[in-house]
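Beneath this line is the structure, given in structure tokens, with notes to follow.
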Amino acid sequence: MQPPPLSLLTLARRQEGLVSAGQCDRAGVGTARRARLVRDGCWGLPTRAVFDVEPGRDRRVDADHRRRRAAWLGMLAFGPRAIAVGPCALALHGVEGLPGNLHPEIALPGRSAGRHRDDIRVRTFGQFEVLRYGERAIADLVPALVQALPELPRRHAVAVLDGVLRRGSLTGAAFEVVRERVRGRRGSAGLTGWWSLVDPRAESPLETFARLECVDAGVPPDDLQVEIRSARGQLVGRGDLGWRLPGGRWLIAEIDGREFHERPEALLRDRSRQNALMSTGRVDILRFTAADVATRGRIPTTVRTALARHR
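FYI, in the working numbering the residues of the sequence shown are 1176 to 1486.
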């Protein structure tokens, strides 16, 4: 059988491996040919009239792809008027800190009703600002945050806000707009105690997750991005999370994300940086990985034990 047109496969790559039946028709891949591609295992059918052109792809290691794919699945399933909303819109905005797997969520313009299907949620949010995303539309950043935050777990909600503030995607004034617009929404009461935990100095979601664990365990860090200086006052480096020790010293926790710290050049930089910090005599360093962050209790227990040695 002749392979699908390159133009269709190129389009699929822009849509996280997905194409709609309408897009296939316009590319000359009709109903019978699509059915055969699915029957032969060349394509998948995640929902009615949406096709996965790479069903054998291992998606376990690429959470960003999985999140964007969820957004595209919803938009393609409900047609060109469907708008990606909530966490799915945030994924297309490139926001960090979201859960690894998302339910597809869309809204239809003009309060149009639609039935959920195949785990795709059709939401009704009233009027909200939208942004063009290629030929599609997604919720703009502020309404997407307002839609998503009341339904996200705390650690992800705080990490999302840390990230958008750190990157400058959300200004301080816009942050206050989000707070005001969230008030009164279903689930918003749970956010009351979370706003004060937001800190744009966190340089990754893993740092946010680790910090929140320590806060919950009663060993909150005294500072973030702690500057360590030499005896001459020169900046040697910064530590992700810091606890003050006697004599002006610091206990530093470094949170190493796998993606950024397992490349050879990154490992070399990390080792050189750690050696420079240790040579000042002003720090004790604990290093944690994504696996440590995923093991609840490991980081605060280790920190508490290290602090106890100095007290």
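Glycine included, C-beta positions come from ideal geometry on N, C-alpha and C.
{"Item": "Would a C-beta distance cut-off of 7 angstroms place A1238 and I1258 closer than the cut-off?", "Value": "no"}
{"Item": "Looking only at its chain, what residues have a beta carbon closer than 7 angstroms to the beta carbon of R1376, apart from the 5 residues adjacent to it on each side?", "Value": "L1399, Q1400"}
{"Item": "For R1413 and R1290, what's the separation of their Cα atoms in angstroms?", "Value": "51 angstroms"}
{"Item": "Any idea what DSSP makes of Q1400, helix, strand or coil?", "Value": "strand"}
{"Item": "To the nearest angstrom, how far is the alpha carbon of W1425 from that of D1415?", "Value": "12 angstroms"}
{"Item": "Quick check: the Cα distance between V1339 and M1453, rounded to an integer number of angstroms?", "Value": "32 angstroms"}
{"Item": "What are the boundary residues of the beta strand (DSSP E) that includes T1464?", "Value": "1458-1464"}
{"Item": "Tell me the DSSP bridge mates of V1333?", "Value": "DSSP lists no partner for V1333."}
{"Item": "Taking the alpha-carbon of A1323 as reference, which of R1311, R1486, A1312, G1272 has the nearest alpha-carbon?", "Value": "G1272"}
{"Item": "By Cβ distance, which residues of its chain are closer than 7 angstroms to S1405, with the 5 residues on each side in sequence left out?", "Value": "V1411, T1455"}
{"Item": "Look up R1209 in the DSSP assignment and say whether it is helix, strand or coil.", "Value": "helix"}
{"Item": "Is there contact here, the segment 1358-1373 with the segment 1249-1264, by at least three beta-carbon pairs under 8 angstroms?", "Value": "no"}
{"Item": "Apart from the five residues just before and just after P1274, which ones in its own chain have a Cβ nearer than 6 angstroms to its Cβ?", "Value": "H1331"}
{"Item": "Using a threshold of 7 angstroms, state whether the C-beta atoms of C1199 and R1209 are closer than that.", "Value": "yes"}
{"Item": "Taking C-beta to C-beta, are E1229 and G1197 nearer than 7 angstroms?", "Value": "no"}
{"Item": "What does the Cβ neighbour count give for T1383, buried or exposed, with the cut at 16 atoms within 10 Å?", "Value": "buried"}
{"Item": "Using CA coordinates, which residue listed in L1482, R1360, G1216, A1469 is at the minimum distance from P1396?", "Value": "L1482"}
{"Item": "Per DSSP, which one or two residues make a beta bridge with R1356?", "Value": "Its beta-bridge partners do not exist; DSSP assigns none."}
{"Item": "Under three-state DSSP, which class holds G1417?", "Value": "strand"}
{"Item": "Can you check which of these residues, R1479, R1457, A1451, D1431, is closest to D1467 by C-alpha distance?", "Value": "D1431"}
{"Item": "Verify whether the separation of the beta carbon atoms of L1267 and I1313 is less than 7 angstroms.", "Value": "yes"}
{"Item": "For a quick check, are the C-beta atoms of V1335 and V1394 less than 7 angstroms apart?", "Value": "no"}
{"Item": "With 16 other CB atoms within 10 Å as the buried threshold, where does S1447 fall?", "Value": "exposed"}
{"Item": "As a quick exercise: from R1361, G1359, V1317, G1362, pick the residue whose alpha carbon is nearest that of A1348.", "Value": "V1317"}
{"Item": "Determine the direct distance from the alpha carbon of F1253 to that of D1215, and round the result to whole angstroms.", "Value": "26 angstroms"}
{"Item": "Cβ of V1297 within 7 angstroms of Cβ of V1321?", "Value": "no"}
{"Item": "For S1195, count neighbouring Cβ atoms within 10 angstroms of its own Cβ and tell me buried if that reaches 16, exposed if not.", "Value": "buried"}
{"Item": "Pick helix, strand or coil for L1324, following the three-state DSSP scheme.", "Value": "helix"}
{"Item": "Within 10 angstroms of its Cβ, does Q1190 collect 16 or more other Cβ (buried), or is it exposed?", "Value": "buried"}
{"Item": "Taking all protein chains shown into account, decide if A1469 is buried (16 or more other Cβ within 10 angstroms of its Cβ) or exposed.", "Value": "exposed"}
{"Item": "DSSP three-state label for V1260, please.", "Value": "coil"}
{"Item": "Suppose you measure from the CA of L1443 to the CA of P1380; what does that come to, to the nearest Å?", "Value": "In this predicted model, L1443 has a pLDDT of only 49, less than 50, meaning its place in the structure is not dependable; the value taken from the coordinates is given anyway. If I take the Cα positions, the gap works out to 23 angstroms."}
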